[in-house]
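Residue numbering for the sequence shown follows the working numbering, starting at 1 and increasing by one per position.
Backbone N, C-alpha and C define an ideal beta-carbon position, used for all residues, glycine too.
Presented below is the structure to which this report refers.
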Amino acid sequence: MSSLKVALLGLGTVGKGVYESIIQTHEKKLTEAVGKKVEIVGVLVKDHQKERGIKKDILVTTDVNQILKLPHVDIVFEAIVGIEPANTYIRQFLEKGSHVISANKQLLAYKGKELAEVANKYNRFLTFEAAVAGGIPLLRTIIQLLQVNGITKLEGILNGTSNYILSKMRTEQSNFNEVLKEAQDLGYAEADPSSDVLGTDAFYKLMILSNLIYQKQPNWENVNKVGVNEVSQADILIGERLGFRLKLVATLQKKEQDVLAEVRPVFVSNEHPLYNVEGVDNGIVLNTDLVGTLLLQGPGAGSLATASAMIEDLVYISQKGTPNIQTPRFSYNSLVEGKEEPSIWLTIVELPTDELVKEYKQYSSINFANKDLTAVHQEEIKHNDGYIIGEILVGKSENVERFIEELPQKIRIYPISPKGINIATKNVELTRLQTTTS
Ligand SMILES: NC(=O)C1=CN([C@@H]2O[C@H](COP(=O)(O)OP(=O)(O)OC[C@H]3O[C@@H](n4cnc5c(N)ncnc54)[C@H](OP(=O)(O)O)[C@@H]3O)[C@@H](O)[C@H]2O)C=CC1
Ligand SMILES: N[C@@H](CC=O)C(=O)O
């Protein structure tokens with residue numbers, strides 16, 4: 001029986017998961033699905049000294065030319081880090097006639113369109129299900145199963161590490177840096193974890209989705225990108241009191257000819273589909289004009305979850321044979337705008353003394369009125385020898401920004417997702433305001 005020959009570029013968290021799935025855990029099923037044995041013929045790494053525990057007959061090298069020189073490689077898995085040399089390698093393998101499966105979101109956010117053109121030119125597949133939302137079958141759902149549905153808005157938790165951190169800070173009152181270290185040990189975080197906690201990783205994924213859904217990206221400089229690095233235990237505590245959970249939410253929406261995108265921590269209530277997306281899970285809410293609202297949820301990072309997406313790409317490519325590059329995604333051209341939603345905010349300030357609490361309250365209530373903001377609800381907690389005050393405000397974002405600038409205290413501000421805002425007891429007033437502003 002002939003075999004399907006594959007090479008792995010990178011044998012870290014992701015590459016190892018792919019290796020083990022092919023060689024060990026899913027060998028039999030994969031052979032059945034593909035119709036022949038999948039044979040790993042080469043592995044590219046950076047450091048030749050590391051002990052890999054790889055089968056002796058597989059070429060392991062630090063020189064990509066050794067793999068390029070192999071007589072035939074059907075499919076290449078790219079799971080290295082950063083734009084270069086991955087970009088060059090992918091081009092070389094596509095030109096040589098290999099299909100490519102990549103998990104590299106940074107590269108795909110920057111160069112995805114160009115690389116897709118190279119793949120089209122050589123009539124090869126370039127697939128990257130693993131690059132967005134780890135193991136969740138999201139991209140092919142959008143490409144294949146939502147062809148006629150116009151996507152009016154996408155809201156997603158797209159970074160497993162941040163979600164893991166926020167979940168643990170809430171459920172176990174864990175310290176930010178300790179949970180980040182855990183996420184690194186579990187293989188969730190990037191080689192440079194600042195990309196996870198500053199929102200950059202979620203941003204790259206959002207830009208890939210923008211290319212896919214709207215066939216263009218917004219100007220990167222216009223995208224507001226805030227990570228979870230400044231979130232404090234106090235924010236999570238106030239949110240919980242009010243029935244909200246803090247999530248790093250990436251949003252994508254079309255407005256006239258523009259694509260609006262944002263990544264930032266947002267409070268969601270228990271009626272929001274992302275409320276129960278916890279731990280390393282990602283969740284993507286797709287609002288569409290035909291099926292309605294969909295939630296896709298599952299593991300967003302880690303060795304096996306990511307390997308799963310790459311292995312399923314392999315099966316897809318091998319079953320499909322050649323790409324049908326002439327078929328566009330139909331709904332590219334049938335974009336529908338989502339409706340504008342009211343701006344509701346939660347401001348949080350930490351104050352050490354009774355005196356400062358009093359001062360803040362006087363100052364802020366005058367300022368709310370001046371800045372055309374309505375304070376709907378105030379929550380005050382005595383905590384760790386001080387006070388935390390949370391205010392739910394309704395008003396335009398520029399007014400909120402002006403308000404914060406003028407306050408003497410350091411204040412943190414988060415949007416509250418208007419979806420499902422009418423949480424039980426305290427927010428009768430808020431519901432009324434929501435109805436009048438929308
Ligand atoms: N971890 C995850 O959950 C997910 C990661 N990704 C993406 O997958 C890719 C890989 O991530 P991950 O496995 O976590 O990263 P790791 O750091 O664990 O592994 C990277 C691998 O790539 C190799 N490598 C790095 N640079 C080069 C180079 N210049 N030439 C040859 N080999 C190189 C390393 O070699 P050596 O072993 O010698 O150091 C290592 O084997 C990244 O793009 C990441 O963003 C995507 C989805 C999920
Ligand atoms: N570091 C990423 C890995 C998957 O893309 C994450 O935490 O989501």
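Of the residues the options, which one's Cα is nearest the Cα of residue i?
i: VAL148; options: THR31, ASP289, TRP345; result: ASP289
i: VAL64; options: LEU44, GLN49, VAL81, ARG241; result: LEU44
i: LYS5; options: VAL100, ASP47, PRO137, THR88; result: VAL100
i: ILE413; options: GLU359, THR374, ILE344; result: ILE344
i: LYS96; options: GLU117, VAL81, LEU70; result: LEU70
i: ALA504; options: ILE23, MET310, GLY292; result: What the structure shows of the chain is the stretch from 1 to 438, and residue 504 is not part of that stretch, so it cannot be assessed.
i: TYR204; options: LEU294, TYR110, LEU407; result: TYR110
i: GLN92; options: GLN106, VAL76, ASN104, LEU107; result: VAL76
i: GLY298; options: LYS28, THR25, GLN66, LEU158; result: LEU158
i: GLU51; options: GLY12, VAL18, LYS28; result: GLY12
i: ILE151; options: TYR363, ASN399, LEU346, VAL291; result: VAL291
i: ILE58; options: GLU39, HIS48, GLN49, ASP47; result: GLU39
i: LYS419; options: ASN270, GLU27, GLU20, GLY302; result: ASN270
i: LEU68; options: ARG402, LEU94, LYS56; result: LEU94
i: LEU206; options: SER162, LEU252, LYS168, GLN24; result: LEU252
i: GLU439; options: VAL349, GLY53, SER365, ILE54; result: There is no way to answer for residue 439, as the model of the chain reaches only from 1 to 438.
i: ASP385; options: GLN319, LEU242, LEU356; result: LEU356
Answer yes or no: the CB of residue i versus the heavy atoms of ligand 2, is any distance below 7 Å?
i: ASP201; result: yes
i: ASN229; result: no
Residue i and residue j look like a contact to me (Cβ under 8 Å); what is the Cβ gap, rounded to whole Å?
i: LEU9; j: ALA79; result: 7 Å
i: GLU129; j: ARG140; result: 6 Å
i: VAL198; j: ALA189; result: Note on identity: in this sequence residue 198 is Leu, with Val being the wrong assignment. At roughly 12 Å, the Cβ-Cβ gap does not stay under 8 Å, so LEU198 and ALA189 are not in contact.
i: ILE143; j: LEU186; result: The pair is not a contact, with the Cβ atoms about 30 Å apart (cut-off 8 Å).
i: VAL280; j: GLY160; result: 4 Å
i: VAL266; j: PRO85; result: The pair is not a contact, with the Cβ atoms about 37 Å apart (cut-off 8 Å).
i: LYS371; j: ASN399; result: 5 Å
Taking only heavy atoms of ligand 1 into account, decide whether any of them is closer than 7 Å to the Cβ of residue i.
i: LYS46; result: yes
i: LEU11; result: yes
i: ALA250; result: no
i: LYS121; result: no
i: VAL14; result: yes
i: PRO218; result: no
i: ASN104; result: yes
i: ALA79; result: yes
i: THR141; result: no
i: PRO85; result: yes
i: LYS50; result: yes
i: GLY88; result: According to the sequence shown, residue 88 is Thr rather than Gly. THR88 Cβ: outside cutoff for every heavy atom of ligand 1.
i: ALA131; result: yes
i: LEU25; result: This sequence places Thr at residue 25; Leu is not what is there. Result no, Cβ not under 7 Å from ligand 1.
i: THR306; result: yes
Please confirm whether residue i and residue j have their CB atoms less than 8 Å apart.
i: THR31; j: ILE317; result: no
i: VAL268; j: LEU274; result: yes
i: LEU393; j: LEU407; result: no
i: ALA191; j: VAL81; result: yes
i: HIS383; j: ALA234; result: yes
i: VAL315; j: VAL41; result: no
i: VAL228; j: LEU209; result: no
i: LYS224; j: GLU262; result: The question names Lys, but residue 224 is Asn in the sequence shown. Closer than 8 Å, so yes.
i: LEU346; j: GLY390; result: yes
i: LYS121; j: ASN287; result: no
i: TYR387; j: GLU379; result: no
i: ILE83; j: LEU107; result: yes
i: LEU295; j: GLY283; result: yes
i: LYS168; j: TYR214; result: no
i: GLY15; j: LEU304; result: no
i: ASP196; j: LYS105; result: no
i: PRO323; j: ASN87; result: no
**Request:** For ligand 2, list every residue whose C-beta falls under 6 Å from any of its heavy atoms, going in chain order.
**Result:** GLY134, ASN159, GLY160, THR161, TYR188, ALA189, GLU190, ASP196, ASP201, GLY300, ALA301
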